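Undergrad: The opening residue of the sequence shown carries number 58 in this note's numbering; numbering runs sequentially from there. Glycine included, each C-beta is placed from N, C-alpha and C at the ideal position. All of these numbers come straight from a predicted model, not from anything done at the bench.
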Amino acid sequence: MIIDNGDGSLGLCTGTLINPRTVIFAAHCVNTRAASDYGAASGGTPIGFGFSNYNIPGIIEWYFDGDGQYKTNTDLAFYNVNAVAYNEISTEPGNGFLYGDVAIASLDAPAQDIPTWAMLFSPLPAAGGGADGTGYHVTITGYGNNGTGATGSNGGIDYRRRVAENMLGALASIDDFESFLFGGASGLPQNLYWIDFDDPRRGTGAADPRDFNAWRDNPTPNEGITASGDSGGPLILDNTFARELVIGVLSGGYTRFFNGAPANGYGTASFYQPLYLYWDWIAANNPYRYVSNIAGNRNWNDGTNWVTNVDPNYFIIGPDGQLVNGVPTTPGEGPNGTEGKFGEACFEGPVAGNFSECYDFATDTYTAGIRPIGTDGTQDSAATAAAATLTGGASDNAATASFIDRIAPTAQAEGEAVAALPAATIANGLPGATGFVPNNSDGDPANGVLPRYFDVTLSAAGTTTLNTAVTIDRFTLAGLNAGLNITSTGSLTSLMDVTQVIGTLHVDGALTTPRDFFIMAGGLSGSGTINAPYTTSMAGVITPGTATSTGTLTFNGNLILASGTTYLVNLNGTTSDRIVVNATEQVDGIANLGGALALSVTSALRANQTYTILTAEGGISGGFAAPESISAILSPTLTYTDTAVQLSIEAGNYTDVVSASNPIAYAYAQLLDANRSQAPRYDGFYGPLDLQDAPTILGALNGLAPAIETTAQTLGIVTTDATSTFIRNRLISLDPANLGGTLARYGQPVQVAALSLSPMGGNAVRSDMAAPMMLQEGALPETMSGFVSGGYLTGDGASMSGIGGRDNYDGWYIGAGIEASIGDNALIGFAGNFTDTDGTASFPGQSARGEAFQGTLYGKLKMGGATLDAQATAGALSTRTTRTVAFLGQPYTLRAEDTALIVGGEIGVGFDLGLDNFEITPRIAGRATYIGFGSALEEGGPMALNYQREAYESYQARAGVTFASRSEKIRPFVTATYVHELNDRPSAVSANLVGGIGNGVAFALNGQDKNWAEVSGGLTLKAGAVDLSVSADTTISREDLSAQTYRGSITFRF
58 MIIDNGDGSL GLCTGTLINP RTVIFAAHCV NTRAASDYGA ASGGTPIGFG FSNYNIPGII
118 EWYFDGDGQY KTNTDLAFYN VNAVAYNEIS TEPGNGFLYG DVAIASLDAP AQDIPTWAML
178 FSPLPAAGGG ADGTGYHVTI TGYGNNGTGA TGSNGGIDYR RRVAENMLGA LASIDDFESF
238 LFGGASGLPQ NLYWIDFDDP RRGTGAADPR DFNAWRDNPT PNEGITASGD SGGPLILDNT
298 FARELVIGVL SGGYTRFFNG APANGYGTAS FYQPLYLYWD WIAANNPYRY VSNIAGNRNW
358 NDGTNWVTNV DPNYFIIGPD GQLVNGVPTT PGEGPNGTEG KFGEACFEGP VAGNFSECYD
418 FATDTYTAGI RPIGTDGTQD SAATAAAATL TGGASDNAAT ASFIDRIAPT AQAEGEAVAA
478 LPAATIANGL PGATGFVPNN SDGDPANGVL PRYFDVTLSA AGTTTLNTAV TIDRFTLAGL
538 NAGLNITSTG SLTSLMDVTQ VIGTLHVDGA LTTPRDFFIM AGGLSGSGTI NAPYTTSMAG
598 VITPGTATST GTLTFNGNLI LASGTTYLVN LNGTTSDRIV VNATEQVDGI ANLGGALALS
658 VTSALRANQT YTILTAEGGI SGGFAAPESI SAILSPTLTY TDTAVQLSIE AGNYTDVVSA
718 SNPIAYAYAQ LLDANRSQAP RYDGFYGPLD LQDAPTILGA LNGLAPAIET TAQTLGIVTT
778 DATSTFIRNR LISLDPANLG GTLARYGQPV QVAALSLSPM GGNAVRSDMA APMMLQEGAL
838 PETMSGFVSG GYLTGDGASM SGIGGRDNYD GWYIGAGIEA SIGDNALIGF AGNFTDTDGT
898 ASFPGQSARG EAFQGTLYGK LKMGGATLDA QATAGALSTR TTRTVAFLGQ PYTLRAEDTA
958 LIVGGEIGVG FDLGLDNFEI TPRIAGRATY IGFGSALEEG GPMALNYQRE AYESYQARAG
1018 VTFASRSEKI RPFVTATYVH ELNDRPSAVS ANLVGGIGNG VAFALNGQDK NWAEVSGGLT
1078 LKAGAVDLSV SADTTISRED LSAQTYRGSI TFRF
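1. In whole angstroms, what is the alpha-carbon distance linking L934 and L958?
2. What residue ranges within the stretch 278–308 form continuous beta strand (DSSP E) runs of no fewer than 3 residues, ordered along the chain?
3. Ends of the alpha helix (DSSP H) at V775?
4. What are the uninterrupted segments assigned as beta strand (DSSP E) that are 3 or more residues long and contained completely in the stretch 111–157, given in chain order?
5. Report back the beta-carbon spacing between G585 and L618 to the nearest angstrom; my notes put them in contact at under 8 Å.
6. Taking the CB atoms as reference points, tell me whether F372 and A175 lie closer together than 7 Å.
7. Rounded C-beta distance between T950 and T936? I'm assuming under 8 Å.
8. Can you tell me whether D634 is helix, strand or coil according to DSSP?
9. List, from N- to C-terminal side, the beta strand (DSSP E) runs of 3 residues or more that fit wholly inside the stretch 385–432.
10. Quick one: what's got a C-beta closer than 6 Å to F404's C-beta in the same chain, skipping five residues either side?
11. Roughly how many whole angstroms lie between the Cα atoms of G309 and G317?
12. Just the C-alpha distance for K1076 and Y849, rounded to the nearest angstrom, thanks.
13. Return the Cβ separation of G105 and N137 in integer angstroms, given the expectation that the two are a contact with Cβ distance under 8 Å.
14. Which word fits M1000, buried or exposed, when buried means at least 16 other C-beta atoms lie within 10 angstroms of its C-beta?
15. Taking the alpha helix (DSSP H) that F742 belongs to, which residues open and close that run?
16. In angstroms with no decimal places, state the Cα-to-Cα distance between T930 and A664.
17. Where does the unbroken alpha helix (DSSP H) through A731 begin, and where does it stop?
18. Span of the alpha helix (DSSP H) holding A341?
19. In chain order, which continuous runs of the beta strand (DSSP E) of length 3 or greater are located wholly inside the stretch 179–212?
20. Is the distance from the Cβ of S328 to the Cβ of L238 below 7 Å?
21. Report the residue ranges of all alpha helix (DSSP H) runs contained in full by the stretch 895–961; include only those spanning at least 4 residues, in chain order.
22. Compare the C-beta of L225 with all C-beta atoms of chain D and state if any pair is closer than 7 Å.
23. Note down the Cα distance separating I81 from G201, rounded to an integer number of angstroms.
24. With DSSP collapsed to three states, give me the class of T528.
25. Looking only at C-alpha atoms, which of L671, A567, I636, G998 sits nearest to Y743?
26. Excluding sequence positions up to five away, which residues of its chain have a Cβ less than 6 Å from the Cβ of G862?
27. Please classify T446: is it buried, with 16 or more other beta-carbons within 10 angstroms of its beta-carbon, or exposed?
28. Here's the rule I'm using: 16 or more other beta-carbon atoms within 10 Å means buried, otherwise exposed. How should P180 be labelled?
29. List the endpoints of the continuous beta strand (DSSP E) containing S582.
30. Is it buried or exposed, I636, if we count other Cβ atoms within 10 angstroms and call 16 or more buried?
31. Hey, could you find the ends of the alpha helix (DSSP H) E235 is sitting in?
32. May I ask you to report which of helix, strand or coil DSSP gives T312?
33. First and last residue of the alpha helix (DSSP H) that includes L755?
34. Are the CB atoms of N639 and G630 nearer to each other than 7 Å?
35. Who are L549's beta bridge partners in DSSP?
36. Curious, which full-length beta strand (DSSP E) runs of at least 3 residues does the stretch 840–893 contain?
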């Protein structure tokens, strides 16, 4: 400690750093002035502390340098003091340094790199005596005068720190010591810690005869004592517990006991103020507070958010003798502390002719006898002799009580009563205080207001929100569920380092430290600014913005991301998170990268986007581990430049994700790969699908199966088949020689057209029994006949390959025709019809509708027992398909239309082999059908398809036989036909995305039967002028298409 006295002289003492802002030392070093008179910043007496082992450079800078005068210089470890407090009882008359000799100095800047010392606030337990003393080994240190035990302190003060060892001699008072030694008390009963200076030559002829072993023990290898300039220095208990503890501050000592003896040579003694007597004064005047949050979410400026903690350098001895971080449960006794004495005061050695007498203060035992100094001896004898048996007083022994300071002692203070501890407050420094806001204050020392500095730890669960400017000495985040939210209007300045052990730190404002920001674990987020020379993350998670929104987090200083770090990058459309590293006056703004990238994406992410996720003004070294794929399709890649890191999103192939063994999904995969360059055009398709995993992609593509394409083809086939079958059966029933001018009405065509069809999917037998055929005689010329017809169609067909189940259909038709005979053996006719069919695919949500207009020219020629029949059909088929799909949760309805040309024809030859009452007619025929399916463009969603349907061409060979009765009353009949398909129908439909590029892909349709049978049967009952008839047609052993037609009729003759 250096004081500029202003008269060209410097005051010198020694102190101990007990936290980054606080030095404890002796009151007598400063109590000649009012405490408020110190501190150059407030216009008072300059005072400072140097912590180097050699302080001359720091003193010169502090004392002489114009710009640096009276200023802290951390490089030289020299700190200016802005406030002083000392125990006022040290100024009581007759005192000065004999009791209450404790002072505190506050540094104007935190001494972060200087080790601090723990203090013991409990008295040491009484120790046994004997030649080895108390057994408590101690270390002493200071910057005072130097020399040797033989020469005394004649080396002068050179501002170097020196260290020595000793054994703690006693816990006793000046009264105790002087009463034993001189036979009288000085009125100073307060306990002190004592050491003496033992000559290591003890027991030899070279031993100093003035070493009378004032406090009985033996010399240590590096024995030392204190001298002028060491005042305020620590007494360090160094091997009793697992850590070193300061137990006292040096007040003074006996410079010599004999005339002519060197000052502070062998045989002298020093005493220290025990800290336990003044611990509560120390706690109250210590400007430093260690505080933490109380569980819950509150604002930083809410006083109920905070509680003071036990200073980590405060220790007591627990009930089992263990060392405990804590404070006593009662106030310090101060000058009234007289209990718990131990140690032996002695007068031994050659100066007494090997006569030794000692007093053990622990056992209150006086011992006298002839023995060599420092031994137990065999001639010791316990006695209860008075101290007066020693000859003479202090003056007679040429001993004077000289002290380690130029200040003369004054009178003793009066005693104080011991009271219970008061309630904890921020002012008294006791742990558990609340109702304050941690924000550094330099106080107003000139007016007696001491500084207050804070070391803040957030460890309890809850978030503390800071929306104002706050400065503290140190900040630590150390709770798993603890968090600090610095809003855009908030700023936290930590004058020492910032440490994030764990927890969450969100910075939208500013976090500033002139030292380093170290992240061990936990999360750092926000769009604010970190001002630190170095920010180092070991295993932290850094997220600019929030976990779900993008932001830019700025680091003014160097950034180091170790291998355990995770940089969580939000990608949202065209924006992303970004870390910005800027240079400052102190550092270059370099980013040393390591760790992993974790990507958080939204539905707006698209392939081929590029983001700049980090920039560093001073350059980049290292790199992140390769990031994992975002989805089954999208993969991120990193590009490093000198000053930036860019992340690009690349798309893989769908065909690498979907197996060819899944034909529908694989076909879509091919389409998606082929049209990747046009992905923005189909954003609703690619965008969400690109973000999915493989199972989801497979399910989504299968859900788009164009299964209705098989249904549309089926409707075309059944429409043309129904017309052909109707005309074929009509020709069989007509006799060119007997048209009769009749008009036949099959069913009720007008009513049929108006009916609502039954639900699709069932093959229930439908009948038009209630709509009989009626013959109106004479309505037409005798060489002509005519008809009108109507009926129902129903059935099912094979579904699209890979789908399963059956497509179902039903529908209705109406038609009309007219025939004319050409002689007795031939006729010709023409019929027209309209067919309306509806189909449902086996795949849910898909349906089709077909509407066909067909005209048929037909004829029949009888040649003896043979019959030649023919028909030719032309028309148009309009199909409308609907696919209702749920694509990744988004519903779409896709519709398409197509109009196809219908052309068909059949020619057959039959032979009547029957008898008079029974007809047997074999028949062979050939049939051709063409349906000119073409392009159909869907609309209604980004996955709409452009179908290129192949034309349907069928060439059939048919052979069958009809059995019929010629009875006048009951006429049953049955026709069985074998059909062989000679051509292959389209096996697939080609499709591309609407507006897509390339040739599209093929979606497999259903299979095809080559051979099957068709059976028709019926019964006519003649009753006078009315004929009642029923009939049915069906396919047999046909898997690709199962068709049924059901008819009923009533005929009236006129």
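TA: Reading from the atomic positions:
1. 6 Å
2. 291–294
3. 765–790 is the span of the alpha helix (DSSP H), which, as asked, contains V775.
4. Taken in chain order, the unbroken stretches of beta strand (DSSP E) that lie wholly in the stretch 111–157 and span 3 residues or more are 135–143.
5. That belief does not hold up - the Cβ atoms of G585 and L618 are roughly 18 Å apart, past 8 Å.
6. yes
7. No, T950 and T936 are not in contact; Cβ-Cβ is about 17 Å, not under 8 Å.
8. D634 falls in the coil class under three-state DSSP.
9. 401–404, 412–417, 422–427
10. F269, E414
11. 20 Å
12. The amino acid occupying residue 1076 in the given sequence is Leu; Lys does not appear at that position. Looking at the two C-alpha atoms, the distance is approximately 19 Å.
13. Confirmed, Cβ separation roughly 5 Å.
14. buried
15. 740–747
16. 54 Å
17. 720–731
18. 336–342
19. 194–199
20. At residue 328 the sequence reads Phe, which differs from the Ser that was named. No, the pair does not count as a contact, with Cβ atoms beyond the cut-off.
21. none
22. Within the model displayed, chain D is absent; a lone protein chain is all it includes.
23. Their backbone Cα atoms lie some 16 Å apart in a straight line.
24. strand
25. Checking every option, the nearest Cα to that of Y743 belongs to G998.
26. Closer than 6 Å at the Cβ level, and outside the excluded window around G862, lie S856, S899.
27. Because T446 carries a pLDDT of 26, less than 50, the predicted location of this residue cannot be relied on, and no value is offered for it.
28. buried
29. 573–583
30. Looking at its Cβ environment, which holds 16 or more other Cβ atoms inside 10 Å, I636 is buried.
31. DSSP places E235 in the uninterrupted alpha helix (DSSP H) bounded by 231–239.
32. Three-state DSSP puts T312 in coil, outside helix and strand.
33. 751–759
34. no
35. V527, L568
36. 841–855, 863–879
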